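Inspection log for the structure reproduced underneath, given as structure tokens.
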Amino acid sequence: MKSLISLLGVMTVLGALAGCQNLGVQPWERDLLAKPVMTPGAADGLDDALDDHIYFSKEASSGGRGFGGGGCGCN
Amino acid sequence: MKKMLDGKKIGAGLAAATCSLLGQPAMAQDSTDAWQFDSAVLYYSEQDRVTAVEPVVRAKKQFQDESELEMKLTLDTLTGASHNGAITSDKPQTFTSPSGNSSYQVTNEVPLDDAFKDTRVAANMQYTRPFTRNLRWTGGLNFSNEYDFTSLGLNAGLLWDLNNKNTTLTFGVAHEADTIDPVGGSPVGLTFQSDEDKTDGSEDKSINDFLIGMTQVINRRWIMQLNYNLSVSDGYHTDPYKIVTVVDANGDPLEAESFGANDIGAGDAQVFELRPDSRTKNALYWENRYHFNRDVLAVGYRFMSDDWGITSHTLDVKYRFQFDNGWYLQPHVRWYDQSEADFYKESITASELTSLQNSQGEVSADYRLGNLTDTTYGFKVGKEWANNQQLSLRVESFTQSGDSDASELDALITQVGYTFYW
Numbered sequence: 015m016k017s018l019i020s021l022l023g024v025m026t027v028l029g030a031l032a033g034c035q036n037l038g039v040q041p042w043e044r045d046l047l048a049k050p051v052m053t054p055g056a057a058d059g060l061d062d063a064l065d066d067h068i069y070f071s072k073e074a075s076s077g078g079r080g081f082g083g084g085g086c087g088c089n
Numbered sequence: 128m129k130k131m132l133d134g135k136k137i138g139a140g141l142a143a144a145t146c147s148l149l150g151q152p153a154m155a156q157d158s159t160d161a162w163q164f165d166s167a168v169l170y171y172s173e174q175d176r177v178t179a180v181e182p183v184v185r186a187k188k189q190f191q192d193e194s195e196l197e198m199k200l201t202l203d204t205l206t207g208a209s210h211n212g213a214i215t216s217d218k219p220q221t222f223t224s225p226s227g228n229s230s231y232q233v234t235n236e237v238p239l240d241d242a243f244k245d246t247r248v249a250a251n252m253q254y255t256r257p258f259t260r261n262l263r264w265t266g267g268l269n270f271s272n273e274y275d276f277t278s279l280g281l282n283a284g285l286l287w288d289l290n291n292k293n294t295t296l297t298f299g300v301a302h303e304a305d306t307i308d309p310v311g312g313s314p315v316g317l318t319f320q321s322d323e324d325k326t327d328g329s330e331d332k333s334i335n336d337f338l339i340g341m342t343q344v345i346n347r348r349w350i351m352q353l354n355y356n357l358s359v360s361d362g363y364h365t366d367p368y369k370i371v372t373v374v375d376a377n378g379d380p381l382e383a384e385s386f387g388a389n390d391i392g393a394g395d396a397q398v399f400e401l402r403p404d405s406r407t408k409n410a411l412y413w414e415n416r417y418h419f420n421r422d423v424l425a426v427g428y429r430f431m432s433d434d435w436g437i438t439s440h441t442l443d444v445k446y447r448f449q450f451d452n453g454w455y456l457q458p459h460v461r462w463y464d465q466s467e468a469d470f471y472k473e474s475i476t477a478s479e480l481t482s483l484q485n486s487q488g489e490v491s492a493d494y495r496l497g498n499l500t501d502t503t504y505g506f507k508v509g510k511e512w513a514n515n516q517q518l519s520l521r522v523e524s525f526t527q528s529g530d531s532d533a534s535e536l537d538a539l540i541t542q543v544g545y546t547f548y549w
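Chains A and B, in that order, are what the protein sequence lines are. FYI, in the working numbering the residues of the first sequence are 15 to 89. FYI, in the working numbering the residues of the second sequence are 128 to 549.
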């Protein structure tokens, strides 16, 4: 199961990468994308880290957005 | 303390980003030379249970050579009570405190251990530096300490810009070493709480994380991120403060003395939980951000599965209404659903205990490992000024619901944030 998911993950990324060559914008078309609100992981300031900490200690899941380690004795 | 790789940044430097805030004209103040400070205080309050106050400050600076340094300090104070793992029963149940120095009795309520009190300090540092036009490396250190727990972590990663910086690939590894030093010692799993069978000395856990991610610009309005995260941990995963109730055929708590253990009161057949000594988690995360004429929609989805039998889905949606003069309102909805771990049981019978003891099998009644559905909804309101200062308030309601009474939980999340440049 683990290796299957790993393989799927890698294939998804590679497949998407190949298909992505025709996507995107020119440098002068980045007016909207340059805003912090359009930057995944940084758009909401400290909210993501605080949320990850709350939900890590109340649920059995972690990771995905970043590393899934804990750094917390809460679970 | 989940240190994120800063691989989400697509091309545009901090200068461009801060100058084009809300599409306003470039600011008179040059913030490229300044440190950016993000600060927040989180107030998290569960009904009848835990209350946490968590101030955070993060300082960030981009240097002339386009390298970036980020430092974060978090303080976390916890007070209140948390579920000890036992069933909710109309018969009295007797428990010992974690230190073993006192006992308490609960009837008709979710059994809570009210000795829950801790202060956590966490420090993170991350440095990212370009070494070719399209490649950056990043490295970071994490440290956190609380009364019975210490964690030390480091991470390293590579960020690779492709397709005219419309694609960024992220590769990251992280290692974390945890030391757990439970109050009163580490209990021997599956022994009776009334016997206080505990070992001195600390327990260890190590976690290795791998992350591969891709951020892709779809068009002028749409950006997407896809991450795969593998997390492998080895060592002590048991919660030393959680127990499992041994029940009779009617589901009522049994007596410890009937198993030859110490008698500390009624309904004291409570055994310490025991979890596997390793865990492998796989997580896929997919985030989309779409910019309408003024507003922004963000949709995130995570799928996680692990070798404990847990599978979870998380959906996170935010919509930012952008108003004049830098004001915004951002409603937020989060939905989470998980299936139970293979060794989760709300309670066990005497014969189940015997077979677990004979096979050194695992069992936990921690509701966080059971079937669970959580919803969070709320909003954030904020204001950004021309000098890039920002002030925000977030208010959210968090509800948990699962198979047991202990899983029914309501909490309030309140957060005040302030960003400035210095």
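Where a beta carbon is used, it is the ideal one built from N, C-alpha and C, also for glycine. Only a predicted model underlies this, so the values are computations on that prediction, with no experimental measurement involved.
With C-beta atoms as the reference, is residue i less than 8 Å away from residue j?
{"i": "B:S216", "j": "B:P380", "result": "yes"}
{"i": "B:T259", "j": "B:L286", "result": "no"}
{"i": "B:F525", "j": "B:L456", "result": "no"}
{"i": "B:F222", "j": "B:A186", "result": "no"}
{"i": "B:V177", "j": "B:Y170", "result": "no"}
{"i": "B:G212", "j": "B:I370", "result": "yes"}
{"i": "B:Y494", "j": "B:L411", "result": "no"}
{"i": "B:E535", "j": "B:G497", "result": "no"}
{"i": "B:G453", "j": "B:E511", "result": "yes"}
{"i": "B:G387", "j": "B:S474", "result": "no"}
{"i": "B:K332", "j": "B:Y363", "result": "yes"}
{"i": "B:H459", "j": "B:E523", "result": "yes"}
{"i": "A:E14", "j": "B:R347", "result": "In this structure chain A extends from 15 to 89, so residue 14 of chain A is not present and cannot be described."}
{"i": "B:I214", "j": "B:S321", "result": "no"}
{"i": "B:S329", "j": "B:T306", "result": "yes"}
{"i": "B:H210", "j": "B:V237", "result": "yes"}
{"i": "B:T168", "j": "B:V543", "result": "The sequence as given places Val at residue 168 of chain B; Thr does not occur at that position. Yes, Cβ-Cβ distance for B:V168 and B:V543 is below 8 Å."}
Can you tell me whether residue i is helix, strand or coil according to DSSP?
{"i": "A:N36", "result": "helix"}
{"i": "A:F70", "result": "helix"}
{"i": "B:T215", "result": "coil"}
{"i": "B:Q163", "result": "strand"}
{"i": "B:R495", "result": "helix"}
{"i": "B:W462", "result": "strand"}
{"i": "B:V233", "result": "strand"}
{"i": "B:G453", "result": "helix"}
{"i": "B:A396", "result": "coil"}
{"i": "A:A48", "result": "coil"}
{"i": "B:T223", "result": "strand"}
{"i": "B:N415", "result": "strand"}
{"i": "B:F243", "result": "strand"}
{"i": "B:D433", "result": "strand"}
{"i": "B:P380", "result": "strand"}
{"i": "B:N485", "result": "helix"}
{"i": "B:S321", "result": "helix"}
{"i": "B:E467", "result": "coil"}
{"i": "B:E535", "result": "coil"}
{"i": "A:A56", "result": "coil"}
{"i": "B:A388", "result": "coil"}
{"i": "B:D375", "result": "coil"}
{"i": "B:E330", "result": "strand"}
For residue i, which residues of its own chain have a beta-carbon under 6 Å away from its beta-carbon, when the five flanking residues on both sides are left out?
{"i": "B:S166", "result": "V184, Y545"}
{"i": "B:Q343", "result": "T294, M351"}
{"i": "B:Y274", "result": "D245"}
{"i": "B:L200", "result": "V184, A250"}
{"i": "B:T255", "result": "D133, E195, R263, T265"}
{"i": "B:W462", "result": "L442, T502"}
{"i": "B:D464", "result": "H440, T500"}
{"i": "B:D361", "result": "S333, S405"}
{"i": "A:G80", "result": "none"}
{"i": "B:Y368", "result": "P225"}
So is residue i in contact with chain C if we call contact Cβ pairs under 8 Å?
{"i": "B:E323", "result": "The question asks about chain C, but that chain is absent: this structure's protein chains are A and B."}
Once the 5 residues before and after residue i are set aside, which same chain residues still bring their CB inside 7 Å of it?
{"i": "B:V310", "result": "P225, S226, D275"}
{"i": "B:L148", "result": "Since pLDDT at B:L148 reaches only 35, below the 50 mark, its modelled position is unreliable, and the value read off the structure follows with that caveat. Correct list, in chain order: E511, N515."}
Once you ignore the five residues that flank residue i on each side, which residues in its own chain have a CB closer than 8 Å to its CB?
{"i": "B:Y504", "result": "P458, H459, V460, R461, E523, S524"}
At least 3 beta-carbon pairs within less than 8 Å: the stretch 330–348 of chain B vs the stretch 390–397 of chain B: no
Contact between the stretch 404–422 of chain B and the stretch 44–58 of chain A (3+ Cβ pairs under 8 Å): yes
Any beta strand (DSSP E) of 3 or more consecutive residues that is wholly inside the stretch 250–318 of chain B: 262–273, 276–289, 294–307
At least three beta-carbon pairs within less than 8 Å, the stretch 288–303 of chain B to the stretch 316–324 of chain B: no
Every unbroken beta strand (DSSP E) within the stretch 166–211 of chain B, with a cutoff of 3 residues, ordered by chain: 178–189, 195–210
The stretch 527–534 of chain B touching the stretch 476–496 of chain B, judged by at least three CB pairs closer than 8 Å: yes
Every unbroken beta strand (DSSP E) inside the stretch 493–527 of chain B [3 residues or more]: 499–511
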